[in-house]
Structure formats: C-alpha cells, structure tokens
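Following our numbering, the numbering of the sequence shown begins with 6 at its first residue and continues without gaps.
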Amino acid sequence: MAELEEKYRRDPVYRATVDVAARTSAANAAEKKRKLAAFNEDLLAAGITETSDRMTGKRSTDVRIVEIAFKHLAMEGYDEFTREWIASYLTTRAAEPYWDRILEMLRTAPSGSGEATQLAHTLAVCARAKNVDELMALALDPSLGQSRVLFLRPINRLGRAHGNAFVAQFVGDADLGWEAGRIMRGIGPSAP
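Okay, here's the thing in structure tokens:
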C-alpha cells in the first residue's frame, strides 16, 4: 500500500490515471443513485433503510422489497442496467411464492439482458423439487442464452438421479459444458 501511495505522489501519469478512475467511479455511483431514486424512495417509505440488511450484502427475506422490485420492474423508463439492478433484489428466498410471476417475467425479458440473467438467478435460488421439470425446460431453451447455466445446479441437486442424468447430457455443450462438467466432477460453482 505504501508503495502505491509513493507512486501516486511521484508519478504524475499514474496520479492522473488514478484520479480519472476515481472521478469516473464517483460519477457512475451518482448516476446510479439518480436512476434508482424512485426505487430507493419506495424502499424508504416502506421502512427499509440503507442501514437495514439491504445494504449489508446479504439478501433480505423482507417480502416488501420483493413487492417494490416487482412494482418498479413493471414501470417504463428504466434503462437496462437499472432494471438489472432492481431485478437483483428478487434474488432471495422471499421471492419463492412468486415463482410463476418471475417465470413469466423471464420469458418476456429481453434475451441476453442483465434483467433476464437476474430473473434466471432468482428462479435458481427459489427452486424446489416441484420446479425441476420447469428448470429442465428452461435449461433446454436456447433463447435464454448463457443464463441457462444457472439452472444446472438446482436441477442436479433437486432432481436427484434424474437431475444428474439431465445435467450429464450437457458436458459436451458449447454453452453449458464447462459448468456441467464441474457439477459432474463434484466441483463447486465457477466464479462469475
């Protein structure tokens, strides 16, 4: 750390690079805050503050957050990245009772979008044994692109032998083979 501080003091090019990166990061954070103002205001109105667990990195099980996220995802005017960020609030077990709604949202979300990936992740988190057949159908749907990989682990875990055989068929697949191979070898999830 001291070495980087010294380089910052002595090297004007490095200092300029670090300063530009810091300004860009601050500008991006301010823009994100501006775009999410209405969403955050609704969270605050519901009593969900920035000091609550929504800002700790943990996924809250507060169903009010899920309802507010649904409300804002139904609104027009959010750009793709803002919709993705709002959809990330659904990735909690509290969204499990809304399985059908999330599934329908996934089917209508723009293919390959961050929102679609977050919705797929939500389904993977909320999946139960009764959902394995739906997960298998989703994993076979090429329109879902790379987000299909998110369904493999819950299929394998919840589908038992049938799920394991299903995942095994993807070992040679161009899109899903890497994760399917890791699952079959008993290796944990690959890093994003």
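Think of the CB as a built atom: it goes at the ideal place given N, C-alpha and C, for glycine as much as any other residue.
In this text the structure is predicted, and so the values were computed from the model without any measurement.
Fewer than three pairs of CB atoms, one per stretch, sit closer than 8 Å, so the stretch 20-28 makes no contact with the stretch 67-82. Nearest C-alpha to residue 167 among 141, 125, 146: 141. The Cβ atoms of residue 120 and residue 153 lie no closer than 8 Å to each other. Taking residue 123 as the centre and dropping the five residues before and after it, the same chain places the C-beta of 89, 92, 93, 95, 96 closer than 8 Å to its C-beta, in chain order. For residue 94, the secondary structure class from DSSP, reduced to helix, strand or coil, is helix.
Put simply, the backbone Cα of residue 12 is about 8 Å away from that of residue 20. The residue among 53, 160, 41 with its C-alpha nearest the C-alpha of residue 80 is 41.
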